[in-house]
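> First residue of the sequence shown: 1, per the working numbering; consecutive thereafter.
Just so you know, even glycine gets a beta-carbon here, dropped at the ideal spot from N, CA and C.
First the structure, which I've put down as C-alpha cells, then a few questions once you've had a look.
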Amino acid sequence: MNIPLIIVILYVIMLLVISVVVSTKSKKDGGDDFLLYKNKNSTLVTAVTIAGVAIGGASTIGIAENAFSVGLSAGWYNVAWAFGAIIASFTIVKKLRKSGFSTVTKLVQCIYDEKAGVMMTIAMIIIQCTIIALQYIAGGSILSSLLPNVFDMKTATFFSFIIFMLVGFVGGMGSASVSNILNISLIYIGVVTSAVLVLFYQGGWEAAQIMAESTPDVPYMNLTSGMGIPAIIAWMIVMCGNTNSVQGAVQIGLTSKDDKSAVNGFRIGAILMIPIGFICAMLGIASKALIPNVEATQALPMIIMSLPPVMAGLTLSALWAADMSTACSMLIGCSTTVSHDVFFRTKAGNRFKDKSFMINKMIILAVGILTYILSSQLGSILSAMKVCLSMAIGTSIIVVAGLWCPKFASKNAGFFTILSSVFAVISWLVCPTLHNIFKDIGYWMIAVSGITFTIISLVEKNKVNIYDKENIIDNLNLVRDK
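In C-alpha cells form, the structure reads like this:
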C-alpha cells in the first residue's frame with residue numbers, strides 16, 4: 001500500500017471539497033466576488049493567504065537545493081518575501097482598499113494614463129503567468145521525485161496543473177484563501193516534523209556539522225556568507241516590487257474585512273514566512289551530509305522517503321501544498337487582470353457582464369491551460385523566478401511613487417518605466433557582461449527603472465492625477481469618474 005500517495009489523494013479531496021463549498025457561496029454573491037472575494041477574510045485568513053503566496057516551490061524545495069551551495073543563507077529568500085510583505089502593509093494595502101479599484105492596473109491607469117495602464121496589464125500577465133508555470137514545474141518535480149513509481153516528470157506536472165487549476169476554477173479567490181488555512185498548517189506540520197526526525201533522529205545535525213567543519217570553503221552553517229549581503233539585499237528589492245504591485249499578491253489585501261485585518265494580516269503572514277525558509281535550508285544541508293554523492297535535486301526527496309510512511313506522506317503533501325498555495329493565488333490574480341483589465345473592457349465583454357461568474361471561470365481555465373503550455377519552456381526554478389519577478393521592481397516604483405509622491409511623478413513616467421523594465425530583462429538575458437557588473441538582476445532593474453522614472457519625472461512638468469494634499473487617495477475615485 002502506497003501510504004504517501006493515499007495521503008496526497010486525501011489532501012486533494014479536502015481541497016476540492018473546500019472549493020465546492022466556497023463556490024456555492026460565491027455564485028450567490030456574483031461573478032466579481034468569485035475572483036475578488038472582497039471584504040470577507042479575517043486577519044488570520046489574510047495572513048495564511050499572503051504567506052501561502054510566498055511559501056511556494058522556490059521557498060521550500062528550491063531553498064533546500066540552493067543550500068547545497070550556499071548553506072543556511074538560502075533561507076533569506078523567505079526573509080526577503082517577509083520584508084516585502086511588511087513594506088506593502090505600510091505602502092499599498094490600505095491605499096488600494098480606499099481607492100475603490102479592484103486591480104493595480106486600473107489604479108495605475110487612473111494615476112498616470114491609458115498607455116501606462118496597457119503596459120501594466122502586459123507586465124502583470126507576464127509576471128504572473130511565469131510564476132504559475134514555475135509552480136506547475138515545482139509541483140511536478142516534487143511528485144515525480146517522491147513518487148517515482150506513480151509519476152514521471154511529465155505526468156506529475158500535468159497532475160499538478162489539473163489540481164491547481166481545478167481549485168481556482170471551482171472555488172475562485174475564496175477557495176484560494178480558505179484552503180491556505182489547510183495548506184500552511186500542513187506545511188508547518190510536515191516540514192517541522194520532518195526536520196526534527198532528520199536532524200535529531202537520523203543524525204542529520206551531527207552530519208551537517210561534520211561536513212561544515214571538513215569543507216570550510218562552503219559556509220554551510222553561516223547565516224549570510226553563502227549568498228552574501230549584496231545578494232540578500234537584491235532579493236529584498238525584488239520582493240518589495242512583487243508585494244507592492246503584482247496583482248496576485250496585492251489583491252489579497254482586498255479580501256480582508258477591513259483595513260486593520262488587511263494590514264495586520266500582511267504583517268502576521270510575514271512572520272509565518274520566515275521559519276520555513278531556514279528549516280528547508282537546514283534540511284537541504286542535512287540531506288547533502290547524509291547522502292554525500294547525490295544530486296541536489298534528489299537528496300531531499302530521498303531523505304523524506306526514508307521517513308516513516310505516514311510522515312513521508314505528510315511531508316510530500318506539505319511540499320506540494322506550498323506550490324498549490326502560490327499557484328492558486330497567482331492564477332486568480334492573473335485571471336483578475338485578464339477579466340477586469342482586458343476582457344470586460346472590450347465591447348464583447350460588456351455584452352457578457354451579466355454572465356461574469358461563468359466568464360471568469362472560463363478565463364481561469366484559459367489562463368491555466370496557457371501557463372501549463374508555458375511550463376514546458378522554463379528551466380531552473382530559482383533563476384527563472386528571479387528574472388521574472390524583477391520586472392515587478394519597475395511596476396512597484398510607479399505604484400508607490402504615484403501614491404506617495406504625486407508632486408514629483410509625471411504622467412509619462414509610468415509608461416516608460418515599465419517599458420524600460422522589459423528592456424532591462426531582455427538585456428540581462430542576452431548580455432552576460434551585465435552579470436559581472438551588477439552581480440544580481442535586482443540591482444540592474446532598480447538602476448534602469450529608477451533612473452528612467454526619475455529623469456522623466458524631472459523633465460516632464462505634467463504631473464499625475466492626484467490633487468488633494470491632505471488625503472491623496474480619496475480623490476482617486478473623483479479622478480476616475482472624470
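Please report the distance separating the alpha-carbon of Ile125 from that of Leu331.
In the sequence shown, residue 125 corresponds to position 125, counting from 1. In the sequence shown, residue 331 corresponds to position 331, counting from 1. Distance between the alpha carbons of Ile125 and Leu331: 10 Å.
> What is the DSSP secondary structure of Tyr467, reduced to helix, strand or coil?
For the purposes of this step, residue 467 is taken as the residue at position 467 of the sequence shown. For Tyr467, the predicted structure reports a pLDDT of 44, less than 50, and the residue's modelled location is therefore unreliable. A value from the coordinates is still provided. In this structure, Tyr467 counts as coil in the three-state DSSP scheme.
> DSSP has Asn41 in a bridge; who is on the other side?
Residue mapping note: residue 41 aligns to position 41 of the sequence shown, counting from 1. Paired residues: Ser256.
> Under DSSP, the alpha helix (DSSP H) around Tyr372 begins and ends at which residues?
Counted from its first residue, the sequence shown places residue 372 at position 372. First-last of the alpha helix (DSSP H) with Tyr372: Ser356 to Ser375.
> What residues are listed by DSSP as bridge partners for Ser410?
Translated into the one-based positions of the sequence shown, residue 410 becomes position 410. Paired residue(s): Lys463.
> Could you check where the alpha helix (DSSP H) with Thr215 kicks off and where it finishes?
Here residue 215 corresponds to residue number 215 of the sequence shown, with the count starting at 1. No alpha helix (DSSP H) contains Thr215, which DSSP labels as neither H nor E.
> Quick one: residues in its chain with C-beta nearer than 7 Å to the C-beta of Ser177, no 5 flanking neighbours on either side, listed in chain order?
Residue numbering aside, residue 177 sits at position 177 when the sequence shown is read from its first letter. These residues qualify, in order along the chain: Tyr37, Asn41, Val45, Thr49 and Thr255.
> To the nearest angstrom, how far is the alpha carbon of Gly100 from that of Gly402?
Within the sequence shown, residue 100 is the residue found at index 100, counting from 1. Within the sequence shown, residue 402 is the residue found at index 402, counting from 1. Spanning the two alpha carbons is a distance of roughly 16 Å.
> Name the residue from Thr60, Cys328, Asn360 and Ile285 whose alpha carbon lies nearest to the alpha carbon of Asp341.
For this step, residue 341 is matched to residue 341 along the sequence shown. Comparing Cα positions, the closest option is Asn360.
> So, is Thr105 buried or exposed, given that buried needs 16 or more other C-beta atoms within 10 angstroms?
Here residue 105 refers to the residue found at position 105 when the sequence shown is read from its first residue. Classification of Thr105: buried, given that the 10 Å Cβ count is 16 or more.
> Decide if Asn350 is buried, meaning its Cβ has at least 16 other Cβ atoms within 10 Å, or exposed.
On the sequence shown, residue 350 is found 350 positions in, with the first residue counted as 1. Burial call: exposed.
> Using beta-carbon positions only, say whether Asn244 and Gly52 come within less than 7 Å of one another.
Position 244 of the sequence shown holds residue 244. Position 52 of the sequence shown holds residue 52. The answer is no: Cβ separation not under 7 Å.
> Go to Val238, then tell me how far its alpha helix (DSSP H) extends in each direction, as first and last residue.
Within the sequence shown, numbered from 1, the residue matching residue 238 stands at position 238. That run of the alpha helix (DSSP H) goes Ile229 to Ser245.
> Where Ile398 and Ala409 are concerned, what is the direct C-alpha to C-alpha distance, given to the nearest angstrom?
Here residue 398 refers to the residue found at position 398 when the sequence shown is read from its first residue. Here residue 409 refers to the residue found at position 409 when the sequence shown is read from its first residue. Taking the straight line from one Cα to the other gives about 8 Å.
> My output table needs one value for Thr452: the three-state DSSP class, helix, strand or coil.
Locating residue 452 in the sequence shown gives position 452, counting from the first residue. Reduced to three states, the DSSP call for Thr452 is helix.
> Under 7 Å between the Cβ atoms of Gly442 and Ala234?
In the sequence shown, residue 442 corresponds to position 442, counting from 1. In the sequence shown, residue 234 corresponds to position 234, counting from 1. Against a cut-off of 7 Å, the Cβ pair of Ala234 and Gly442 comes out as a contact.
> What is the DSSP secondary structure of Thr301, counted as helix, strand or coil?
As a first step, residue 301 is located in the sequence shown; it is residue number 301 there, counting from the start. At residue 301 the sequence reads Pro, which differs from the Thr that was named. Looking at Pro301 - three-state DSSP - the assignment turns out to be helix.
> I'd like the span of the alpha helix (DSSP H) that includes Gln491, first residue to last.
Residue 491 is absent from the structure shown; the chain starts at 1 and stops at 482.
> Hey, quick one: how far does the alpha helix (DSSP H) through Val104 stretch, first residue to last?
Locating residue 104 in the sequence shown gives position 104, where the first residue counts as 1. Element bounds for Val104: Val104 to Ile111.
> Taking C-beta to C-beta, are Val79 and Ile274 nearer than 7 Å?
For the purposes of this step, residue 79 is taken as residue 79 along the sequence shown, with counting starting at 1. For the purposes of this step, residue 274 is taken as residue 274 along the sequence shown, with counting starting at 1. Going by C-beta atoms, Val79 is nearer than 7 Å to Ile274.
> Helix, strand or coil for Leu382 per DSSP?
The residue labelled residue 382 in the question sits at position 382 within the sequence shown. Any answer about Leu382 is weak, because its pLDDT of 47 lies below 50 and its placement is not dependable; what the coordinates show is given next. Note: Leu382 maps to helix in three-state DSSP.
> Could you check where the alpha helix (DSSP H) with Asp440 kicks off and where it finishes?
Counted from its first residue, the sequence shown places residue 440 at position 440. Note, Asp440: premise wrong, no alpha helix (DSSP H); not H, not E.
> If you compare alpha carbons, which of Ala296, Ile455 and Ile7 is closest to Asn412?
Working through the sequence shown from its first residue, we reach residue 412 at position 412. Nearest of Ala296, Ile455 and Ile7 to Asn412, Cα basis: Ile455.
> Do you know whose CA, among Met239, Cys431, Phe416 and Leu319, lies nearest Met493's CA?
The chain is shown only over 1 to 482; residue 493 falls outside these bounds and no answer can be derived.
> Who are the near neighbours of Val191 in its chain, counting only those whose CB is closer than 8 Å to its CB and skipping five residues on each side?
For the purposes of this step, residue 191 is identified with residue 191 of the sequence shown, where counting begins at 1. Same-chain partners within the cutoff: Thr60, Ile276, Ile279, Cys280, Leu283, Thr315, Ala318 and Leu319.
> From which residue to which residue does the alpha helix (DSSP H) around Asn78 run?
Mapped onto the sequence shown, residue 78 falls at position 78. Looking at the DSSP string, the run of the alpha helix (DSSP H) that includes Asn78 is Trp76 to Thr91.
> Measuring alpha carbon to alpha carbon, tell me which of Gly84, Thr91 and Ile6 ends up nearest Arg404.
The count along the sequence shown starts at 1 and reaches residue 404 at position 404. Correcting the residue type first, residue 404 is Trp in the shown sequence and not Arg. Looking at the Cα atoms, Thr91 is the closest of the given residues.
> Could you work out which residue in Met324, Val367 and Lys463 is closest to Val12 when comparing CA atoms only?
Taking the sequence shown and counting its residues from 1, one reaches residue 12 at position 12. Per the Cα distances, Met324.
> Would you identify the three-state DSSP class for Phe200, choosing helix, strand or coil?
The count along the sequence shown starts at 1 and reaches residue 200 at position 200. Phe200: helix per DSSP, three-state reduction.
> So, under 8 Å CB-CB, Met445 and Gly414 are touching, yes? Tell me the CB distance rounded to an integer number of Å.
Position 445 of the sequence shown holds residue 445. Position 414 of the sequence shown holds residue 414. That belief does not hold up - the Cβ atoms of Met445 and Gly414 are roughly 16 Å apart, past 8 Å.
> Where do the N-terminal and C-terminal ends of the alpha helix (DSSP H) with Thr326 fall, by residue?
On the sequence shown, position 326 is the one that residue 326 refers to. First-last of the alpha helix (DSSP H) with Thr326: Pro309 to Asp341.
> Leaving out five residues on either side along the sequence, give the residues of the same chain with a beta carbon under 7 Å from the beta carbon of Met14.
The residue you call residue 14 lines up with position 14 of the sequence shown. Closer than 7 Å at the Cβ level, and outside the excluded window around Met14, lie Leu182.
> Specify, as a first and last residue, the run of the alpha helix (DSSP H) that Lys347 falls within.
Along the sequence shown, read from residue 1 onward, the residue named residue 347 stands at position 347. Unbroken alpha helix (DSSP H) run through Lys347: Lys347 to Arg351.
> Output yes or no for whether 7 Å exceeds the beta carbon distance between Gly57 and Ala156.
Translated into positions along the sequence shown, residue 57 becomes position 57. Translated into positions along the sequence shown, residue 156 becomes position 156. No, they are not a contact pair.
> Going by C-alpha to C-alpha distance, which of Leu307, Arg345 and Ile63 sits closest to Phe200?
Position 200 of the sequence shown, counting from 1, holds the residue named residue 200. Per the Cα distances, Leu307.
> Use the C-beta contact count for Cys431: other C-beta atoms within 10 angstroms, 16 or more gives buried, fewer gives exposed.
Here residue 431 corresponds to residue number 431 of the sequence shown, with the count starting at 1. The residue is exposed, with fewer than 16 neighbouring Cβ atoms inside 10 Å.
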